[in-house]
Amino acid sequence: MGPTPQDVRSAVEEFLTDDCEWQNPGSPVCRGTREILRLMPPDFARLDVRFLHMATSGRTVLAERVEDMLRADGSPIAKNLKVMAAFEIRDGRICSWRDYFDITNLISDAGD
């Protein structure tokens with residue numbers, strides 16, 4: 001058995017603060033893990049990430065990545081999605097997460 005939506009929920013609860021603010025293009029700003037989990041597709045089960053570049057400054061981490069978001073059945077929610085993000089860290093957990101990507105190109109065949 002592969003990853004499940006419960007695995008994603010567990011990771012959110014483990015790595016994000018209870019008051020984390022999450023921003024995505026085209027989506028409302030989410031405040032807190034409860035809102036974040038409500039915005040995520042209910043069948044989101046796995047995130048495959050290829051990090052291209054990372055930089056840190058103080059408690060901020062910038063990460064350029066390409067990701068595949070997969071449903072429990074393995075079908076893509078996003079594929080080869082190029083994302084730039086800013087994460088702010090507090091006490092070893094993410095307290096602010098801002099993603100930047102082209103919402104019109106969630107699924108791409110090109111994986112650079």
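In the UniProt record's numbering, the protein residues as written are 1 to 112. C-beta atoms are modelled at their ideal positions from N, C-alpha and C, and glycine is treated no differently.
Residue 72: not part of any alpha helix (DSSP H); DSSP gives it neither H nor E.
Residue 25 is not bridged by DSSP to any residue. Judged by DSSP secondary structure, residue 10 falls within the alpha helix (DSSP H) whose first and last residues are 5–15.
Rounded to the nearest angstrom, the gap between the Cα atoms of residue 65 and residue 85 is 8 Å. Nearest C-alpha to residue 27 among 60, 19 and 41: 41. Three or more beta-carbon pairs drawn from the stretch 31–40 and the stretch 10–20 are found closer than 8 Å, and the two stretches are therefore classed as touching.
Annotated as proximal: residue 54 and residue 63, with beta-carbon spacing under 8 Å.
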